[in-house]
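Structure record follows, encoded as structure tokens.
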Amino acid sequence: TALRIADFKDSIFGVISRLARENNAVNLGQGFPDFDGPEWLKEVAFRKMQEGHNQYAPFQGIVGLRQEVSNYYKKFYSLNYNPESEITITVGATEAIYVVITALINPGDEVIVLEPFYDSYVASIKMAGGIPVPVTMHAPDFTIDRQELEKAITPKTKLLILNNPHNPTGKVWAKEELLDVASIAQKHDLYLMSDEVYEFLLFDGAKHIPTATLDGMLERTITVSSAGKTFGLTGWKIGWICANEKVTRACRLVHQYVTFAVSTPMQEAVAEGLTKLSDYLPGFVSLYKGKRDLFYTEMKNLGFEFAIPKGTYFMMVPISKKTDLKDVDYAMKLIQERKVATVPPSAFYLKSTEGEKYLRFCFAKKDETLRAAAKNLQGL
Ligand code: PMP
Ligand code: GLN
4 TALRIADFKD
14 SIFGVISRLA
24 RENNAVNLGQ
34 GFPDFDGPEW
44 LKEVAFRKMQ
54 EGHNQYAPFQ
64 GIVGLRQEVS
74 NYYKKFYSLN
84 YNPESEITIT
94 VGATEAIYVV
104 ITALINPGDE
114 VIVLEPFYDS
124 YVASIKMAGG
134 IPVPVTMHAP
144 DFTIDRQELE
154 KAITPKTKLL
164 ILNNPHNPTG
174 KVWAKEELLD
184 VASIAQKHDL
194 YLMSDEVYEF
204 LLFDGAKHIP
214 TATLDGMLER
224 TITVSSAGKT
234 FGLTGWKIGW
244 ICANEKVTRA
254 CRLVHQYVTF
264 AVSTPMQEAV
274 AEGLTKLSDY
284 LPGFVSLYKG
294 KRDLFYTEMK
304 NLGFEFAIPK
314 GTYFMMVPIS
324 KKTDLKDVDY
334 AMKLIQERKV
344 ATVPPSAFYL
354 KSTEGEKYLR
364 FCFAKKDETL
374 RAAAKNLQGL
């Protein structure tokens with residue numbers, strides 16, 4: 004096999020889901036809901052198929068979806084993206100990430116990844132021949148040290164990747180923190196890829212600040228998002244890239260040869276779904292807030308102590324009060340002995356060992372699943 008994938012392993016999500024099945028464990032590992040997305044949106048998808056939207060879509064995405072993506076960025080964030088020249092539809096955010104990195108990175112270019120990171124960033128950087136350079140978001144608040152970030156930048160640094168709201172920690176970046184990173188990107192003339200797939204999963208009044216809205220950041224920011232989390236339909240795999248015209252052109256050149264076009268009826272359905280966002284979101288957020296509160300209370304009762312996350316559907320739970328084991332071994336023990344599957348976060352780090360003292364729990368699960376997990380963990 005090719006050198007560029009020589010050190011690749013099975014992704015942690017696949018590994019944990021397999022172990023969960025083999026051990027008949029309650030699966031709070033891989034991030035996806037164990038319940039279905041909205042009935043009305045599934046009906047739209049079915050109707051779109053019946054209406055004959057079943058052949059190849061235009062490679063950059065159907066006009067209707069690009070228009071609706073543009074509309075919501077304008078409505079929610081006052082951002083103006085031209086659907087013709089600045090928005091591209093992809094097979095989920097995962098393809099978007101791959102495409103952006105492939106479009107921008109030459110062999111030997113360095114890319115700053117803030118760890119813990121979503122695992123596909125580093126894989127995509129390596130596939131492009133780039134060099135991932137980790138900068139740690141330090142526990143327990145997962146904050147960046149400005150000097151450490153500055154030190155990691157060299158003349159070869161081209162891109163910085165930021166994820167907000169943040170998987171796996173559930174952190175929602177404060178504006179001052181974003182401005183810190185943004186000012187460094189400007190000072191060193193870097194592109195910034197902002198992965199905002201959890202943009203609508205926010206609790207307790209937290210507000211999403213798209214990186215592209217920060218002063219002077221619009222031109223250098225590439226925003227990636229997707230419909231999977233927002234509509235609780237992760238298997239639909241509809242994502243998008245918003246970027247300036249030049250970067251969009253480069254991304255489209257890659258995308259046309261990676262997947263060419265994205266599922267037509269699913270794009271049609273998501274386009275219609277986005278027109279209903281304002282009505283849909285309050286119920287969506289309160290559903291997940293209920294799950295977060297339920298599971299947080301259960302974890303507190305079990306004796307775990309940590310700050311309640313303000314975003315995403317993950318909790319990064321400190322384990323050192325319970326065990327001397329590292330995350331990977333403790334995760335294995337919980338799967339085998341307690342029948343609860345979680346993700347060991349050290350898979351999301353290249354440099355720091357801070358992740359060894361945590362486990363990531365996904366609470367996008369039926370209340371009964373969350374209660375079953377808590378019951379299995381009784382007396383830890
Ligand atoms: N970025 C982050 C931070 C994620 O958590 C995920 C979802 N697993 C993705 C990107 C990929 O999203 P999609 O399912 O749309 O490919
Ligand atoms: N984003 C989800 C997670 O973080 C899963 C995505 C995947 O399986 N690649 O768990």
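So the sequence shown is numbered by the UniProt record's numbering: it starts at 4 and just counts up by one. We put the CB at the ideal spot given by N, CA and C, even for glycine.
When the five nearest sequence neighbours on each side are left out, the beta carbons in the same chain lying within less than 6 Å of the beta carbon of residue 137 are those of 116, 118, 353, 354, in order along the chain. Taking all protein chains shown into account, residue 19 has 16 or more neighbouring C-beta atoms within 10 Å of its C-beta and is therefore buried. Taking the Cβ of residue 347 as the reference point, every heavy atom of the ligand GLN lies at 8 Å or farther away.
Residue environment analysis places residue 363 among the buried positions, since at least 16 neighbouring C-beta atoms fall within 10 angstroms of its C-beta. Considering only 208, 213, 356, 194, the residue with the shortest C-alpha distance to residue 180 is 213. Contact check between the region 97-106 and the region 69-80: fewer than three CB pairs, one atom from each, fall below 8 Å, which does not count as touching. If you draw a straight line from the Cα of residue 326 to the Cα of residue 264, it is about 48 Å long.
Closer than 8 Å to some heavy atom of the ligand GLN: that does not describe the Cβ of residue 86. When Cβ pairs closer than 8 Å are counted between the two stretches, the region 44-56 is seen to touch the region 257-273, the count reaching three or more.
Looking at 239, 284, 319, 69, the one whose alpha-carbon comes closest to that of residue 142 is 319. In the structure shown, the three-state DSSP call for residue 131 is coil.
Linking residue 291 to residue 297 through their CA atoms gives a straight-line distance of about 10 Å. Between the region 190-199 and the region 65-72 there are fewer than three inter-stretch CB-CB distances shorter than 8 Å, so the stretches are not counted as touching. If you ignore the 5 residues before and after residue 242, its C-beta comes within less than 6 Å of the C-beta of 93, 95, 96, 99, 229, all in its own chain and listed in chain order.
Residue 364 has its CB no nearer than 8 Å to any heavy atom of the ligand GLN. The beta-carbon distance between residue 108 and residue 152, rounded to whole angstroms, is 19 Å. This is too long to meet the 8 Å contact definition. For residue 170, the Cβ falls inside the 8 Å cut-off from some heavy atom of the ligand PMP. Every unbroken stretch of the beta strand (DSSP E) spanning 3 or more residues and falling wholly within the region 130-199 is given here in chain order: 134-139, 160-166, 194-198. Annotation for residue 235: 36, 38, 39, 40, 41, 287, 367 place their beta carbon closer than 8 Å to its own, counting only its chain and skipping 5 residues before and after. A straight line joining the alpha-carbon of residue 33 with that of residue 15 spans about 8 Å.
Contact between residue 91 and residue 64 holds: CB atoms are separated by about 6 Å, below the 8 Å threshold. Proximity to residue 232 across 203, 256, 308, 344 peaks at 203, based on C-alpha coordinates. Note on residue 21: under 16 other CB atoms within 10 angstroms of its CB, so exposed under the neighbour-count rule.
Residue state for residue 118 is assigned as strand, using DSSP reduced to three classes. Take residue 149, set aside five residues on each side of it, and the residues of its chain with a beta-carbon closer than 8 Å to its own are 183, 187, in chain order. In the three-state reduction of the DSSP assignment, residue 264 falls in the coil class, being assigned neither a helical nor a strand state. Close CB contacts of residue 209 within its chain, under the 7 Å cut and outside five residues either way in sequence, are with 175, 313, 314 (chain order).
Non-local beta-carbon contacts of residue 304 in its own chain, meaning distances under 8 Å to residues more than five positions away in sequence, involve 377 in chain order. Selection 222, 170, 220 evaluated against residue 198 yields 170 as nearest (Cα-Cα). Approximately 4 Å separates the beta-carbon atoms of residue 334 and residue 347; this is inside 8 Å, confirming the contact.
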